[in-house]
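As structure tokens, the structure follows; a few thoughts come after it.
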Amino acid sequence: MADLDFSAHRQAVHLTDEDIARHKRFVGLEAADLPRIAAVRPIVMERVDELTTMFFDFLRGLDVATPLFRRGDLLDEAKRMKREHLIAMVGGVYDRAYVELQLELGLLYSKVGLDTRVFPGAFYHLMNTVGAIVMANAGDDPQKAFQNFMAVKKIGFLDIGLMIDIMAAEREQTISIQQEAIRELSTPVLQIRDGLLILPIIGTLDSFRAKQLTDSLLRAIRANRAKMVVMDITGVAAVDSRVANHLIQTVAASRLMGATVIVTGLSGDVAQALVSLGVDLGTLNTVGDLQGGLELAERRLGYRIARQADSSLETA
Amino acid sequence: MGIPILKLGHVLIASIQDALTDNDLIQLRDDLSSQVGWSRATGVIIDVSALDVMDSFATRTLRGIADITKLRGAKTVIVGIQPDVAFAMIQLGLDLDGVTTGLDLDEGLAAIGRGDRGDAGHG
Amino acid sequence: MPVMGDDGITVTIANESDIVTARQMGRALSEQVGFQGSDLTIIATAISEIARNIVTYAQRGEIVLRPVTANSRRGVVVVARDDGPGIPDIARAMQDGYSTGKTLGLGLPGARRLMDEFEIQSEVGVGTIVTMRKWLRR
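Structure follows, in structure tokens:
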């Protein structure tokens, strides 16, 4: 994943108000929690620097977190944002701005290549410390202090839920960008002579890819003013009736644009299987191998390929 | 709104300029049918490159034109089907088998000059 | 004339020139939703087919075009409604090549192939409602 830079294609991940509301329901955050969180607020605010330092000290102890500590500038930025996040956690407002703050912090971590998996641990450690401080300041009503802390803990779980959503969305985005890149790489349409295109198909041919392949072939036919296309399917993993129908459609669509398609690389086994499945191959122009297909296409276009009797004489 | 039909030597050229209603297409069929007779044309080219959609009606009518002109001694070539339109036609289950197709006007004129049979996709 | 409302765009289908209006509005809406290239033509072609079905069999009806969002996917929904004679045998009408009018008999099954989702409700003497959707690939 690190070898390919998809940042140009990547869109910022955004969570909607709906997503945030859903996560609040998951952790059972309700209006009654807000005064409880407000009660914890002064206790946390008083120690916010201490808690921030502690959070990063915990990270420092982990091998996987070393990349962050090698980047002094980013580390300071991360500390500043973590401090801000701690304040926001007890701030009582958990809206999109709150989520944006987390997103920014997450982006910074991923910039230094920090493994996101270290955070649940660090976060747990942090919540434990907050819990201990709240209970130490409980005074004569530990029951109430505990309730207050539980309200803050909901925010902790809310954060983790949001983080998972963000990570999943990022991962999905990476996968779809990679798939797109692979698809583009795997369906080249090449012009080898005036009016003659060659389309080698490699891999599996599902309906989405068949659609994309047809689309790019039709555009190439127009762009290159092609009259003949040699479509080689030697590299197609499995040719079943569905794949055959995709190919038949591609051929028919090309014909509507005035181009003739010759299919090559259809093995004997595959041909037999298709016939026994009842696939009508009668509409396809087939030639055994790619070379034969190219020769036929060239003849149709009026090319005559002749080998020179002695090429050394010509160049002398 | 009628579709203008130009005569170039022995070839009639109908260039569709815009999205067509069914009546426009039927009008075109009738116009071409009569003009092929008195103009003694040997070929008809219908340029559909401006068509946004070729649905079953349009396809059927164009095929009808090809059949009629053939009976009157002229060969029809349909040119300019756009990639997106060709793709949608195939998905819909339409084809123009038996009708000669070409990329554009030049290809259409060349096909009439060569006397191509109407089957780019066969043999 | 097409009417733009909160509930999407409604195009009255009363004659064959309305078919062109419906598919052009459908293409414009789909483009706004984010569809591109051949998908726009595919949606417009499907609308053309079902609009023609209304003109051929019911003479009069309407097509409603709307953007939709479901499960964080975006798409368009096309609803064709008429109070024509209705379809006595839907299963047969959905077969390729079946037609009682003067068409190729590709209208309904063809439109189904073009779109991602296709539903049809019809009652003889009451009318027909065709609902079809196309989703944007993420």
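Residue numbers (my numbering), protein chains in the order written: chain A, 220 to 535; chain B, 830 to 952; chain C, 2 to 139. All C-beta atoms, glycine included, are put in the ideal place defined by N, C-alpha and C.
So which residues of chain A does residue i contact, with C-beta pairs closer than 8 Å?
i                 : result
Gly-931 (chain B) : Gly-477
Asp-980 (chain B) : Because chain B is modelled from 830 through 952, residue 980 (chain B) falls outside the range shown and cannot be assessed.
Leu-934 (chain B) : None at all; the shortest Cβ gap to chain A is about 12 Å.
Asp-924 (chain B) : Ala-471, Arg-474 and Leu-475
Taking the alpha helix (DSSP H) that residue i falls in, what are its first and last residues?
i                 : result
Asp-360 (chain A) : Careful: Asp-360 (chain A) lies outside any alpha helix (DSSP H) and carries neither H nor E.
Leu-938 (chain B) : 934-943
Val-125 (chain C) : Taken as a continuous stretch (DSSP letters only), Val-125 (chain C) belongs to no alpha helix (DSSP H), as it is neither H nor E.
Glu-17 (chain C)  : 17-34
Glu-249 (chain A) : Premise fails: Glu-249 (chain A) is in no alpha helix (DSSP H) and is neither H nor E.
Pro-339 (chain A) : 338-355
Thr-285 (chain A) : 285-289
Thr-271 (chain A) : 267-279
Gly-866 (chain B) : 851-868
Gly-325 (chain A) : 315-330
Asp-434 (chain A) : 426-443
Leu-466 (chain A) : 460-475
Ile-91 (chain C)  : 91-94
Residues of chain B with a CB under 9 Å from the CB of residue i: which are they?
i                 : result
Ile-43 (chain C)  : Asp-913, Phe-916, Ala-917, Gln-920 and Leu-921
Leu-423 (chain A) : This sequence places Thr at residue 423 (chain A); Leu is not what is there. In chain order: nothing, as chain B lies at least about 20 Å away.
Leu-437 (chain A) : Gln-911, Pro-912, Asp-913, Ala-915 and Phe-916
Asp-434 (chain A) : Pro-912, Asp-913 and Phe-916
Leu-66 (chain C)  : None at all; the shortest Cβ gap to chain B is about 15 Å.
Arg-526 (chain A) : The contacting residues do not exist; Arg-526 (chain A) stays about 28 Å from chain B at best.
For residue i, list the residues DSSP reports as bridge partners.
i                 : result
Asn-54 (chain C)  : None, per the DSSP bridge assignment.
Trp-136 (chain C) : C:Gly-76
Asp-451 (chain A) : A:Pro-419 and A:Thr-483
Met-5 (chain C)   : C:Ile-10
Lys-836 (chain B) : B:Leu-841
Arg-901 (chain B) : DSSP, once it has assigned bridges, lists no residue as partnering Arg-901 (chain B).
Asp-876 (chain B) : B:Ser-844 and B:Val-908
Phe-119 (chain C) : C:Met-133
Arg-82 (chain C)  : C:Glu-63 and C:Ile-130
Gly-893 (chain B) : DSSP lists no partner for Gly-893 (chain B).
Taking the beta strand (DSSP E) that residue i falls in, what are its first and last residues?
i                 : result
Gln-510 (chain A) : It is not in any beta strand (DSSP E) - Gln-510 (chain A) instead sits in the alpha helix (DSSP H) that spans 509-519.
Leu-409 (chain A) : 409-412
Thr-70 (chain C)  : 62-71
Val-506 (chain A) : 504-506
Thr-930 (chain B) : 929-931
Please determine whether the Cβ atom of residue i lies at a distance below 7 Å from any heavy atom of the ligand FMN.
i                 : result
Leu-278 (chain A) : No copy of the ligand FMN appears in this structure; indeed no ligand is present at all.
Along chain B, in chain order, which residues have C-beta atoms closer than 8 Å to that of residue i?
i                 : result
Gly-108 (chain C) : Ser-885
Gln-468 (chain A) : Ile-919 and Gln-920
Gln-25 (chain C)  : Ala-848 and Asp-881
Val-21 (chain C)  : Ala-848, Leu-849 and Thr-850
Glu-17 (chain C)  : Thr-850, Asp-851 and Asn-852
Leu-115 (chain C) : Ala-917, Gln-920 and Leu-921
Starting from residue i, find everything on chain B with Cβ-Cβ shorter than 7 Å and list it in chain order.
i                 : result
Glu-120 (chain C) : Near Glu-120 (chain C) there are no residues of chain B at all, since even the closest Cβ is about 19 Å away, more than 7 Å.
Arg-444 (chain A) : Leu-932
Arg-441 (chain A) : Pro-912 and Leu-932
Ser-49 (chain C)  : Val-882 and Asp-884
Starting from the Cα of residue i, find the closest Cα among the options and give me that residue.
i                 : options                                       : result
Thr-905 (chain B) : B:Gln-911, B:Ile-855 and B:Thr-871            : B:Thr-871
Gly-501 (chain A) : B:Gly-893, B:Asp-926, B:Ile-845 and B:Ala-940 : B:Asp-926
Ile-239 (chain A) : A:Arg-299, A:Tyr-317 and A:Ser-473            : A:Tyr-317
Ser-473 (chain A) : A:Ser-460, A:Val-455 and A:Thr-433            : A:Thr-433
Asn-464 (chain A) : A:Val-498, A:Leu-485, A:Ala-457 and A:Asn-356 : A:Val-498
Phe-119 (chain C) : C:Gly-35, C:Gly-126 and C:Gly-111             : C:Gly-111
Thr-898 (chain B) : B:Asp-859, B:Leu-837, B:Leu-923 and B:Lys-836 : B:Asp-859
Ala-23 (chain C)  : C:Ala-45, C:Trp-136 and C:Ser-123             : C:Ala-45
Val-470 (chain A) : A:Gln-491, A:Leu-496, A:Lys-430 and A:Ala-351 : A:Lys-430
Val-448 (chain A) : A:Ile-421, A:Val-458 and A:Met-476            : A:Met-476
Met-264 (chain A) : A:Arg-244, A:Val-349, A:Glu-319 and A:Gly-511 : A:Val-349
Ala-15 (chain C)  : C:Thr-42, C:Thr-57 and C:Phe-36               : C:Thr-57
Ser-18 (chain C)  : C:Arg-93, C:Gln-60, C:Ser-31 and C:Leu-41     : C:Gln-60
Ile-121 (chain C) : C:Arg-138, C:Pro-89 and C:Val-12              : C:Pro-89
Ile-420 (chain A) : A:Thr-235, A:Phe-275, A:Leu-509 and A:Gln-397 : A:Leu-509
Please list the partners that residue i has in chain A, where partner means a Cβ-to-Cβ separation under 7 Å.
i                 : result
Ile-910 (chain B) : Leu-475 and Met-476
Stretch pair the segment 933-941 of chain B + the segment 874-883 of chain B: three plus CB contacts closer than 8 Å: yes
Are at least three pairs of beta-carbons, each pair with one atom in the segment 437-456 of chain A and one in the segment 406-416 of chain A, less than 8 Å apart? yes
How about the segment 79-89 of chain C and the segment 123-137 of chain C: do they share at least three Cβ pairs that are nearer than 8 Å? yes
Does the segment 418-425 of chain A come close enough to the segment 909-928 of chain B that 3 or more CB-CB pairs lie under 8 Å? no
How about the segment 282-297 of chain A and the segment 247-258 of chain A: do they share at least three Cβ pairs that are nearer than 8 Å? no
Should the segment 484-493 of chain A be regarded as contacting the segment 448-462 of chain A, the criterion being three or more beta carbon pairs within less than 8 Å? yes
Please determine if the segment 313-333 of chain A and the segment 280-288 of chain A are in contact, where contact requires at least 3 C-beta pairs separated by less than 8 Å. yes
Taking one C-beta from the segment 36-51 of chain C and one from the segment 882-900 of chain B each time, how about it: are there three or more such pairs within less than 8 Å? yes
Would the segment 305-315 of chain A and the segment 261-276 of chain A be scored as touching if the rule is three or more Cβ pairs under 8 Å? yes
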